[in-house]
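Sequential numbering from 196 applies to the sequence shown in the working numbering.
Even for Gly, the Cβ is constructed at its ideal location relative to N, Cα and C.
Values in this document were obtained by computation on a predicted structure and should not be read as measured data.
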Amino acid sequence: MGPTITQIESTEFKYLLNDIGTDEAGFNLVYEPNTRTERKLFALKIHTDTGITGEYIGGNSPAAAQWNMFADYLIGKNPLKREKHWSEIKRALRKYDRMGIGPIDIALWDFAGKYYDAPIHELLGTYRTRIPAYASTYHGDENGGLDSPEAFADFAEECHEMGFRGFKLHGWGGSDVSRRIGREIAAVHAVGERVGDQMDLMMDPACEYETFADALKVGRALDKEEFYWYEDPFRDAGISQHAHQKLAQKLDTPILQTEHVRGLESHSDFIKNGATDFLRADPEYDAGITGAMKVAHAAEGFGADVEFHAPGPAQRHCIAAIRNTNYYEMALVHPDCSNTQPPVYEGNYSDMIEDVEDGTVPVPDGPGLGIDYDWNYIKNNRTGSTHVYE
């Protein structure tokens, strides 16, 4: 019969980011000295009758609401039948974005690795064990940090000296569009002129630009500086195939889309219809390691690359098993404050900028995700009761 799932625990907890606030709209994280921002995540444990527990920390409240809908289905099931569970839950959440699948699926992969005494990347099929990283910045601020084009250029140069081979700008938010677009273009040129012949450069406005015209203006500056990709430029939220197909037709800089579309089919349609050059994937957003690897293989079938969103151990295992990918996103980084990494890891795992070695990060080599969580920290910072399914 194989192993059986006996219980699933879900615990919400909080952690604080020092010297981090938000911009005027309240959505972008920016450097703000002497300010603390509270964030919340969920910690998952999938218990089995073998005594082995699958674990994962990540996911937000909307995702947790979704696994409330299907966790009972998993009780009594074999945790190794991930493809079957993925298919059933995908249908169960057909009216929703399916982001609730990701954390559960990752925890099931963690169980499988522990069960077989192998790292997840080995179960997937290892291609590499170190990954080139790019420095992915916080959004521009008004507080003496990344507050000017020159500040971005200075930081890009600093990251190059640290060994990074790529650098990605997240520009400014705010309501003064004409000032913002001019400053965005100036930042593109400042960074390009400073390190463009030494680093791969990326631009990610995170859907800030309000019009196609603004996206096109910045895109033409990217062309001049020969940027590596242009990601999520304007306010269609990255989901319009037609808009990005038209943008791609007018620019030389490759487009990177699909962070904000869910599912294998939507990713495949984007690239088939010429609406993106690179695909974006994230095991937490795209229905787990199972779903993210499907996206990666779909990209391979189209002769395209897939680039993974955000840092994390699940991302490292996926990238380690994929040929057609280039970089690991070390995010978010800044010259004056720390990454957004929650303080939940014991041992050597780190997504802090200072722990990048020769521009690369290692892939964990222990069983499962290959990392150890600080469950005492999660217990001491719990923000609500633990939800138990059994």
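Contact between Asn519 and Val528 does not hold, since the beta-carbon distance rounds to 25 Å and is not under 8 Å.
Along the region 419-455, the beta strand (DSSP E) occurs as fully enclosed runs of 3 or more residues at 424-426, 450-452, listed in sequence order. Inter-segment contact for the region 290-298 and the region 329-337 is absent: fewer than three beta-carbon pairs are separated by less than 8 Å.
DSSP, read as helix, strand or coil, puts Gln510 in helix.
DSSP places Asn571 in the helix class (H, G or I) of the three-state scheme. For Ile215, the uninterrupted beta strand (DSSP E) segment begins and ends at 200-217. Distance check between Gly221 and each of Pro228, Thr232, Ser343, Leu211 places Thr232 closest, using alpha-carbon atoms only. C-alpha of Gly565 to C-alpha of Ser205: approximately 20 Å in a straight line. Partner residues in the beta bridge of Phe362, as assigned by DSSP, are Ala330, Leu396.
Separation of Gly249 and Arg475 (C-alpha to C-alpha, rounded to the nearest whole angstrom) is 26 Å. For the pair Ile200 and Leu269, the CB atoms are nearer than the 8 Å cut-off. DSSP places Pro228 in the strand class (E or B) of the three-state scheme.
Judged by DSSP secondary structure, His355 falls within the alpha helix (DSSP H) whose first and last residues are 344-357. Under the DSSP definition of a beta bridge, His582 partners with Ser205.
A residue is called buried when at least 16 other Cβ atoms come within 10 angstroms of its Cβ; Asp399 meets this threshold and is buried.
At a Cβ-Cβ threshold of 8 Å, Thr245 and Tyr310 count as neighbours.
Residue Glu379 holds the alpha-carbon nearest to the alpha-carbon of Leu417 among Asp431, Glu379, Phe429, Gly433. When beta bridges are read from the DSSP output, Pro314 appears opposite Gly563. For Glu502, the enclosing beta strand (DSSP E) has its first and last residue at 501-503.
Taking C-beta separations shorter than 6 Å and ignoring five residues to either side along the sequence, Met357 has no partners in its chain. Exclusion of the five residues before and after Leu446 leaves Leu411, Gly414, Arg415, Leu417, Asp418, Tyr425 as the residues of its chain whose Cβ lies within less than 8 Å of its Cβ. For Val556, the enclosing beta strand (DSSP E) begins and ends at 555-557. Along the region 271-317, the alpha helix (DSSP H) occurs as fully enclosed runs of 4 or more residues at 277-287, 296-311, listed in sequence order. Under the Cβ criterion (8 Å, minimum of three pairs), the region 499-511 does not count as touching the region 338-349.
Distance from the CA atom of Ala258 to the CA atom of Leu239, rounded to whole angstroms, is 12 Å.
Under DSSP, Ala266 shares a beta bridge with no residue. A straight line joining the alpha-carbon of Gly377 with that of Gly369 spans about 13 Å. In this structure, DSSP gives Val528 an extended state, which the three-state scheme calls strand. In the DSSP secondary-structure assignment, Thr243 is bridged to Ile200.
For Ile247, the CB contacts under 8 Å within the same chain, skipping 5 residues up- and downstream, are Pro198, Phe306, Lys309, Tyr310 in chain order.
By a beta-carbon distance limit of 8 Å, Ala482 contacts Asp300. Their separation comes to about 6 Å. Contact between the region 573-582 and the region 313-326 is absent: fewer than three C-beta pairs spanning the two stretches fall below 8 Å.
Of all alpha-carbon atoms in Asn521, Asp214, Lys574, the one lying nearest the alpha-carbon of Val556 is that of Asn521.
In terms of Cβ geometry, Ala470 and His439 form a close pair [threshold 8 Å]. In this model, Glu219 and Glu549 are separated by some 29 Å (Cα to Cα). Distance from the CA atom of Tyr226 to the CA atom of Thr332, rounded to whole angstroms, is 11 Å.
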